[in-house]
Ligand SMILES: [Zn+2]
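In the numbering used here, the protein residues as written are 1049 to 1330.
This is the structure in structure tokens:
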């Protein structure tokens, strides 16, 4: 009788421990340009999970209170619609389906603007080295630190008003369709100090033709921030920077119409609206 009771109690506790492992999505109703955060609560840090979304796989990382999290970038170029989101648990190199749902990605609201550029600046678009520099940037975006370095909310990287938001459709001189804006622009006078928006390692600090003088910071777990069109850079690749540390000054180098900072945030190489990271702790 005592054995039966013990077995029953054991099964009951096992059932309780299983039923407390839950999956939460933030935001509940995501749209193009958002950061999608998946949280598995009340789980063990020893368990290995991966999320599969739109033909790409994303790792989970342990956080406090027995939770594991995963971040997925929903680019402004991601077409709205229904997508399958699967979570697999990895056991002995096998992928076991843990959770599955169809989620709807709503359209982001992006405006359209025209940029008036002088010939000297618009000629930058067709330079042959742009392809090489873009490839170099993406090489660094892929080579990330596999654990989170960032802490808490991100800081606004410069003092200045927002002159253009994330995802804006752009044309150049009303004739050439350009791309969707992959970051946020802050207008500020040349020489205004620019700060690291969170703790990270400098992975790139150099001049590109279109992006101008740029700094790319790796905050770990696939999260990277970029600071473009700087007039000067005060950090070197390999340096660990603190949240709020001075990394350069505002300028108008590269494809730019005036002194401003372009600030972008990547999740595993995919840009998202960085302003969300100023108000929400991911
Ligand atoms: Zn910009």
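Even for Gly, the Cβ is constructed at its ideal location relative to N, Cα and C.
Bear in mind that the values here come from a model prediction, so they are computed numbers and not experimental data.
Check                                                                                                                 : Outcome
Within 9 Å, strictly: CB atoms of residue 1270 and residue 1316                                                       : yes
Neighbour-count burial assignment, residue 1276, 16 or more Cβ in a 10 Å radius                                       : buried
Distance between residue 1135 and residue 1241 (C-alpha atoms, nearest Å)                                             : 42 Å
For residue 1239 and residue 1298, believed in contact at Cβ under 8 Å, the rounded distance                          : 7 Å
Closest by C-alpha distance to residue 1259, when choosing among 1079, 1274 and 1251                                  : 1274
Beta-carbon proximity list for residue 1181, same chain, < 8 Å, skipping 5 on both sides                              : 1256, 1257, 1258 and 1259
Backbone secondary structure at residue 1060 - three-state DSSP                                                       : Residue placement at residue 1060 is flagged as unreliable, the pLDDT there being 46, under the threshold of 50; a coordinate-derived value is accordingly withheld.
Residue 1186 - containing alpha helix (DSSP H), residue span                                                          : 1177-1190
Residues bridged to residue 1242 [DSSP beta-bridge criterion]                                                         : 1296
The segment 1150-1160 touching the segment 1121-1134, judged by at least three CB pairs closer than 8 Å               : yes
Ligand 1 heavy atom lying under 8 Å from the CB of residue 1232                                                       : yes
Beta-ladder partner(s) of residue 1310, from DSSP                                                                     : 1233 and 1276
Proximity below 9 Å, CB of residue 1243 to CB of residue 1292                                                         : yes
Other residues of its chain near residue 1290: CB distance less than 8 Å, five sequence neighbours each side excluded : 1244 and 1247
Three-state secondary structure (DSSP) of residue 1171                                                                : helix
Whole-Å CB distance - residue 1309 paired with residue 1161, under 8 Å assumed                                        : Their Cβ separation, rounded to whole angstroms, is 17 Å, which puts residue 1309 and residue 1161 out of contact at 8 Å.
beta-carbon residue 1321 near ligand 1 non-hydrogen atom, thresh 8 Å                                                  : no
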